[in-house]
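Colleague: Residues 912 to 1243 in the numbering used here are what the sequence shown spells out, letter by letter. Dropping the structure in here first, questions after.
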Amino acid sequence: MNRIFSGVQPSGAMQLGNYLGAIRNFVRLQDDYDCIYCVVDLHAITLWQDPKLLAEQTRHVTASYLAAGVDPKQSIIFNQSAVAGHAQLAWIFNCVARIGWLNRMTQFKEKAGKHRENASVGLYVYPDLMAADILLYKATHVPVGEDQKQHLELTRDIAQKFNHDYGVEYFPITEPLIFGEATRVMSLRDGTKKMSKSDPSDYSRINLTDDADAIALKIRKARTDPHPLPETIEDLEKRPEANNLVGIYAALADISRPEALAKVAGTQFAGFKQELADLAVEKVGPIGAEMQRLTADPGHVDAILKEGAERAAAIAEPILKDVMEIVGFLRP
Ligand code: AQP
912 MNRIFSGVQP SGAMQLGNYL GAIRNFVRLQ DDYDCIYCVV DLHAITLWQD PKLLAEQTRH
972 VTASYLAAGV DPKQSIIFNQ SAVAGHAQLA WIFNCVARIG WLNRMTQFKE KAGKHRENAS
1032 VGLYVYPDLM AADILLYKAT HVPVGEDQKQ HLELTRDIAQ KFNHDYGVEY FPITEPLIFG
1092 EATRVMSLRD GTKKMSKSDP SDYSRINLTD DADAIALKIR KARTDPHPLP ETIEDLEKRP
1152 EANNLVGIYA ALADISRPEA LAKVAGTQFA GFKQELADLA VEKVGPIGAE MQRLTADPGH
1212 VDAILKEGAE RAAAIAEPIL KDVMEIVGFL RP
């Protein structure tokens, strides 16, 4: 069976984009693939994380996987730092990837901002670690949101260069799985910016643990333009905020964007926002409640992570051993 690897950083509160762009798809792929779902804590510290909060955030992300429907018996759920092979393979990939490749990564440019000289080296080589995460398990497919597409292309380049430089056909050329109507959910405050855990404004996103009032308030306050909703997809695409809300509606209702637009075309935002808020509360509310229940019992979540790490390590070990041999490391 083909293998899937994907992950989410424990870098803040899980938001609707993480759910619609990634973890909802994790759940849908479980029957057709061997799935490994990681909480990528090594990635999270590329931007400083308060050590007092990191463990809690790791459990929070784990709880979101479970609450969304990832089955820990069927799929592997673990945290990245518990399997040392991620960091080991990442070092080898640091020596395979080229500086010119990393210089093209838009996420580094966005996250480092104007103070690039001050960004951590980890943030710069983040895509090499991501390639290691995936290839440590020889994963063939990676479900992600649109924002991670460039990093996956780099993973393919690294696999190809490794295979070429060492004269082997060892690593698979991984395929991204980007699907659904919400592959790039945008900020509720700015339709041109991605919804993100680390956005300083809480009003920019819907957190999975927001209660019904908070969800309704954030949708009501979401930035929009003064015109009624358009009649055609072409006109919708010219209006980023409207397009984002219709996309969220479509994804939550599990219908296509044209179908969603057909329901609301020509109406005013006030009525549409109310309908969207009701739908979001209906779909996100139970996930948030389940997350609260799960995080109230950290022992249960930790036991799932521990067992997952053991299962992940058992897959990674022989692969890492092969790689060490291919590279020529002496293993006395
Ligand atoms: N806005 C989004 N729309 C669709 N998918 C999204 N993802 C993130 N934001 C959106 C997908 O969620 C998965 C996990 O992402 P991550 O935590 O590894 O890093 P990220 O992409 O940088 O997500 P955030 O929420 O923006 O985190 P911070 O603020 O810490 O950087 C990925 O599959 C991603 O595509």
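Glycine included, C-beta positions come from ideal geometry on N, C-alpha and C. Just so you know, these numbers come straight off a predicted model, no measurement behind them.
#1: Contact check, K992 vs L953 under 8 Å by CB: the rounded distance?
#2: Measuring CB to CB, does V938 end up less than 7 Å from A979?
#3: Just to confirm before moving on: does the CB-CB distance between T1017 and A1042 stay below 7 Å?
#4: Residue range of the alpha helix (DSSP H) that S975 falls in?
#5: CB-CB under 8 Å to K1108, same chain, minus the five flanking residues each way: which ones, in chain order?
#6: Report yes if the CB atom of M1202 is closer than 7 Å to the CB atom of S986, and no otherwise.
#7: If we call anything under 7 Å between Cβ atoms a contact, is L1205 one with G996?
#8: Return the chain-ordered list of same chain residues with a C-beta closer than 7 Å to the C-beta of L1147, the five sequence neighbours on each side being excluded.
#9: Out of Y1160, I934, T1094 and I947, which one is the CA nearest neighbour of V994?
#10: Using only CA atoms, which one of H1075, P1111 and L1000 lies nearest to L1046?
#11: In the structure shown, what three-state DSSP assignment does I947 receive?
#12: Is Q920 a contact residue of the ligand AQP, with contact defined as CB to any heavy atom under 6 Å?
#13: Alpha carbon to alpha carbon, what distance is there between A1225 and G1056?
Modeller: Concretely, from the data shown:
#1: The residue asked about is misnamed: residue 992 is Ser in this sequence, not Lys. With 8 Å as the limit, S992 and L953 qualify as a contact, their Cβ atoms being about 5 Å apart.
#2: Yes. Within cutoff.
#3: no
#4: Run containing S975: P962 to A979, per the alpha helix (DSSP H) assignment.
#5: Q920, S922, G923, A924, M925, Q926, N929 and R1116
#6: no
#7: No. Outside cutoff.
#8: Here the set comprises P1141, A1153, N1154, V1157 and L1172.
#9: I947
#10: L1000
#11: strand
#12: For Q920, the Cβ falls inside the 6 Å cut-off from some heavy atom of the ligand AQP.
#13: 28 Å
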